[in-house]
Each structure stands twice: as C-alpha cells, then as structure tokens.
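Undergrad: Residue numbers for the sequence shown follow the numbering used here, so the first one is 12 and each next one is one higher. For every residue, glycine included, the Cβ atom is placed at its ideal position computed from N, Cα and C. Please see the structure below; I have some questions.
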Amino acid sequence: MSAAHHSTIVILRRTDKVRRRISTNRAWQQFFLRATMFHLIGLACTPFTIANPPASLKPLQIYFIDVEGGQATLFVTPAGQSLLIDTGWPNNNFRDADRIVTAAKDAGITKLDYVLITHYHDDHVGGAPQLAQRIPIDTFIDHGENREPASQKLYDAYKALLDSGKYQHIVAKPGDVLPIQGIRAEVITSDGQVIQKPLNGPGLPNPNCANSPEPPVDTTENPRSVGVLVTFGKLRILDLGDLTADKERELMCPVKPFGYVHIYIASHHGFNQSGSTALVHAIMPAIAIVDNGAKKGGSPSALDIIKSSPNLEAMWQLHFSEESGTAHNTASKFIANLQDPDAGNYLKITAQPNGIFTILNSRTNRSNYYDYQERILRLPR
Ligand SMILES: [Zn+2]
C-alpha cells in the first residue's frame, strides 16, 4: 500500500472514532429518551403492545456457533431465510447439531433453507447427518464430487442424505449468486476454481502479492472449499471455508477481484496454511472472526497477519488458542470461550444494511457497537 493510502486510512480512523463516539452518544440519548417515554406511556395505559418493526428495518443475524475448531456459521436474513455454512463434526452425541438448533431457535427459525457444505472434511460436513435428524433442511449446496480419498466415508454419509430425495441440491460454481433472499451471496471459489471476473468494476493490483511467499500446492479438499462473499446493504462479509494459501494467491494475485470487506471469517479457523497476507491484507477487513478451537486453528502467525492488517479494528475468536498464548490471542473480551471447561459460547453479529452492526459475546453477554456507514466507502476498493 502506498504511503498516501496509508495516511488516508489513519486520518479516516481518527475521524471515525470521533464519529463513532458521537453516534454512540446519540444512540444512548435515544435509548434514554425511549426508556423515559416507555415509562410514561406505561404509567398512562397498561398493557400495550409494540408493533413488529417493518421488514426493511429487520437486521441480518449471523451466529458463529462453537463447534470446537470446525465451522458452523448461521445467517438469518431480514427476509426470514437462513443459510448455514457447514455443520461441524460427526459423533459427540449430537453436540454440534444441538448447538446449531439452539442458535436457530434463538434466531426464531424452525428450519434451515440452505445448508452450504464448503468441503468434505469432518469438521465441516461431518455433522450433516445428525443435523438432518434434528431440524428440517430444504437445500444443500456444495462443490460437487469429493476429490480426496481420505474423505470418502464422510462424503458417502452426506451423499446418502442427497440420495434420499428429501432435499434440493445446488452445485455451486464461481460467479453463481445463491438464491437466498435478503442478502446477496456470491460464490467466489468452488471445487478448486476461482472467480475470473472482478466484482464491481475493474480489478485492482494487489501489492501484497510481492512480499507474500509462494505457498505449497495443497492436494486435499481444503482448496476446493466453496467460498462466498455476502453483501448486505453496505456491508461485505467474506467466508472462504478452509481455502488454502495457494488458492488465495490464485484468487488475489496479481489483481484482486474485490477490495475491502467489513467482516472476514478467518479462513481455516486461523490455521497457518491459510490466511496469507496476499489475501488478508488485500481485503483489509475491519473485523475478523476466527472460528478456532482451543487446540485447532488460531496459529500464532495467522493471528499475527490478521492483527497487522492495515484496517483492522478488532479480531474476535471463538476460543482462546492454547498454541498462541496471550502474545498472539486477541483480548479476552473478544473471546467467546476462555480456558475454562468448554461452555459452547457463541458470537453473534446483528447488522443493519446501513453499515451499523453489533457483535455479542454470549460468554460475557456484552455487545460491541460498530458503525461503518461512512468510513468504508472512502477506502480504496
Ligand atoms: Zn476446517
């Protein structure tokens, strides 16, 4: 990144902190005003009901469910549709399926419209058969045939669901837009292919390619992950499954097909085979969510790449990474599960299309407030 760009970002950061403080103050003023009015009205006429907000004001909800180092990310759109990205692990007596169903209930849904399987490793597809016993599912989305012999058993168990005839099935290709209502979910990678056409105008040169080492070629299912870029109003959210650094380079070098994202769901649980600077520093995430386990993902070098990303405001993690220690983990208030006995705490984003969102840590029951109404639009695309 050029010095000019860098100084622009620094200035915007400062301006933005002020703006955020102002809008936080405003939010509190509004809150107290409403609370006062609530009490006055409450005194005058009880009981009364508050009407449901119009659909346009309903938020996008995203649950980062703790499946102990696997993935299970649930999107519930303002249109009431749901997209679950991955199903966690097999076995463990329905642990991951039950955690997903708990999140679905919290979001007020009773079925999953779309379940996207990024690839056929146990921490992603393994939970699918148990999940299908716990909650109705409409449609499965995946990259097509399994490509790794070691994953064949897991794939066969998933394929049995598809072959039952109970579900619709979509094989995703780069450039496809998933039919889910309320968000735009565009497929960026699938089955080892990456999107060829830049999104939103011409692609931009990616200066991070030059100082990022050429990674080894990965021959497992990981680089075949279905990756999606979700757009919701002004917000962009990127989830590339366990896409490895060789494929990140193919996607982002020498020209990147898209620029910044607000929320980066850290590839591969923050494991150091993924999340290269060629990707992370090119997309300049404001927020990173790492779905690591205590002993899986969350590698020191991968966490450091995220933390040194030029536009990062906060890194959140599902677990304290034992390998990374306090030097590399994020601050504990941003971690859903510390080193205590595991409680399966989750993180939840509640987002408005205007670029305002909160992140709830279910362990502390506290939310952080983020306002990207202005800032992100001024960054280099
Ligand atoms: Zn994984």
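Mind reading off the beta-carbon distance from E333 to Y381? Whole number of angstroms is fine, and I expect it under 8 Å.
TA: Their Cβ separation, rounded to whole angstroms, is 28 Å, which puts E333 and Y381 out of contact at 8 Å.
Undergrad: Mapping the DSSP letters down to three states, classify S310 as helix, strand or coil.
TA: S310 falls in the coil class under three-state DSSP.
Undergrad: To the nearest angstrom, report how far apart G176 and D253 are at their CA atoms.
TA: For G176 and D253, the distance between alpha carbons rounds to 28 Å.
Undergrad: Does ligand 1 have even one heavy atom less than 7 Å from the beta-carbon of H292?
TA: Not under cutoff, so the answer is no.
Undergrad: Anyone know if the C-beta pair for L95 and I111 falls short of 8 Å?
TA: Going by C-beta atoms, L95 is nearer than 8 Å to I111.
Undergrad: Report the start-end ranges of each alpha helix (DSSP H) in the stretch 242 to 310 that is 4 residues or longer and not cut off at the edges.
TA: With a minimum length of 4 residues, the continuous alpha helix (DSSP H) runs that stay inside the stretch 242 to 310 are 256 to 263, 288 to 294.
Undergrad: Would you mind stating whether V78 and D107 have Cβ atoms separated by less than 8 Å?
TA: Yes.
Undergrad: Tell me which residues share the same chain as N348 and place their Cβ nearer than 8 Å to its Cβ, disregarding the 5 neighbours each side in the sequence.
TA: Counting only Cβ-Cβ distances below 8 Å, and skipping sequence neighbours, we find D77, A305, L329, H330, F331, A354, G355, N356, R374.
Undergrad: Please determine if the stretch 211 to 221 and the stretch 232 to 250 are in contact, where contact requires at least 3 C-beta pairs separated by less than 8 Å.
TA: The stretch 211 to 221, when compared against the stretch 232 to 250, does not touch it at the 8 Å Cβ threshold.
Undergrad: Give me the Cβ distance between T84 and S236, rounded to the nearest whole Å; I'm assuming they're in contact under 8 Å.
TA: The Cβ separation is near 13 Å, so there is no contact.
Undergrad: When the Cα of K116 is compared with those of P140, S201, P147, which residue comes out closest?
TA: Out of P140, S201, P147, P147 has the C-alpha closest to the C-alpha of K116.
Undergrad: State buried or exposed for A161, treating a residue as buried only when at least 16 other CB atoms are found within 10 Å of its CB.
TA: Exposed is the call here.
Undergrad: Which residues neighbour ligand 1 when neighbourhood means a C-beta less than 5 Å away from any of its non-hydrogen atoms? List them by chain order.
TA: The filter returns D134, D253, in chain order.
Undergrad: At the level of alpha carbons, what is the spacing between S287 and V228?
TA: In a straight line, the C-alpha of S287 is about 14 Å away from that of V228.
Undergrad: Who are V238's beta bridge partners in DSSP?
TA: Residue identity differs from the one stated: residue 238 is Gly in this sequence, not Val. For G238, which the question treats as bridged, DSSP gives the partners T200.
Undergrad: From the DSSP secondary-structure annotation, give me the bridge partner or partners of W327.
TA: DSSP output for W327 lists I300 as bridge partner(s).
Undergrad: Drop a sphere of 10 angstroms on the beta-carbon of S320, count the other beta-carbons inside from all chains shown, and report buried for 16 or more, exposed for fewer.
TA: With 16 or more Cβ atoms within 10 Å of its Cβ, S320 is classed as buried.
Undergrad: Give me the residue from P190, A196, P234, A342 with the minimum Cα distance to N157.
TA: It is P234.
Undergrad: With a threshold of 16 other CB atoms inside 10 Å of the CB of T121, please say whether the residue is buried or exposed.
TA: Label assigned to T121: exposed.
Undergrad: Measuring straight from C-alpha to C-alpha, what distance separates L142 and N103?
TA: Going from the Cα of L142 to the Cα of N103 covers about 12 Å.
Undergrad: Under three-state DSSP, which class holds I96?
TA: Here I96 sits in strand by DSSP.
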